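As structure tokens, the structure follows; a few thoughts come after it.
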Amino acid sequence: MILDSLQHASRYYSLHPLFQQAFAFLQEADIENLPTGKIELAGEDLFAMISDGPGVAKAEAKMEAHQRYIDIQYVVSGVDHMGWQDLSACGTSIEPYSAERDVYFFEVRPTSWFDVPAGFFTVFFPNDVHAPLATEEVVRKVVLKIAVESKG
Numbered sequence: 015m016i017l018d019s020l021q022h023a024s025r026y027y028s029l030h031p032l033f034q035q036a037f038a039f040l041q042e043a044d045i046e047n048l049p050t051g052k053i054e055l056a057g058e059d060l061f062a063m064i065s066d067g068p069g070v071a072k073a074e075a076k077m078e079a080h081q082r083y084i085d086i087q088y089v090v091s092g093v094d095h096m097g098w099q100d101l102s103a104c105g106t107s108i109e110p111y112s113a114e115r116d117v118y119f120f121e122v123r124p125t126s127w128f129d130v131p132a133g134f135f136t137v138f139f140p141n142d143v144h145a146p147l148a149t150e151e152v153v154r155k156v157v158l159k160i161a162v163e164s165k166g
């Protein structure tokens with residue numbers, strides 16, 4: 015897991031062939047004014063999901079993980095309160111893995127909670143089980159989905 019400011023994004027370009035393109039979108043697009051929903055940037059290898067709304071109470075936040083995609087979660091406005099736990103400590107998922115949605119959920123609670131303010135991002139790899147939007151505050155954010163095995 016990574017937590018950093020968008021101004022330091024270039025430090026992470028070497029981690030994946032599509033990270034530079036993903037961060038360029040965050041730096042160059044008029045994200046504040048884009049409509050919510052999905053934007054394809056490189057087909058199914060790289061796309062953005064823009065959301066705008068409140069999260070849930072911390073006690074109700076679901077721990078989730080993905081197999082096929084890496085998440086870059088960028089906060090545009092508000093503060094996203096997130097939880098984290100390494101997959102190796104999570105045990106069995108409470109629902110079977112959904113290949114269609116690339117997600118599975120865990121009952122375990124995070125070992126770490128942290129705030130992600132506007133202008134900052136997190137990177138969650140497949141081993142990073144996370145609980146995003148554990149806040150009832152309105153948060154505008156972009157979740158970039160980067161295929162672990164992309165053609166990029």
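Numbering (my numbering), first residue to last: 15 to 166.
Note that CB positions come from ideal geometry on N, CA and C, so glycine has one too.
Here the structure is a predicted model, which is why all the values come from computation and not from measurement.
Sequence-distant Cβ neighbours of L17 in its own chain, meaning closer than 6 Å and more than five residues away, are T136. The beta-carbon separation of L40 and L20, rounded to 6 Å, stays under the 8 Å limit for a contact. Around the beta carbon of V152, fewer than 16 other beta carbons sit within 10 angstroms, so the residue counts as exposed. Contact holds between the region 94-108 and the region 140-156, because three or more Cβ pairs, one in each stretch, are under 8 Å apart. Rounded to whole angstroms, the separation of the alpha carbons of E46 and G67 is 13 Å.
Beta-bridge analysis with DSSP links P131 to V93. The region 24-37 and the region 98-112 do not touch, with fewer than 3 CB-CB distances between them shorter than 8 Å.
Put simply, of Q87, R115, Y118, A132 the residue whose alpha carbon is nearest the alpha carbon of M15 is Q87. Contact between L101 and V143 holds, since their C-beta atoms are separated by about 5 Å, short of 8 Å.
In this structure, the alpha-carbon of S28 lies about 14 Å from that of S164. Linking W127 to Y83 through their CA atoms gives a straight-line distance of about 22 Å. When DSSP reads this structure, D85 sits in a beta bridge with F138, K159.
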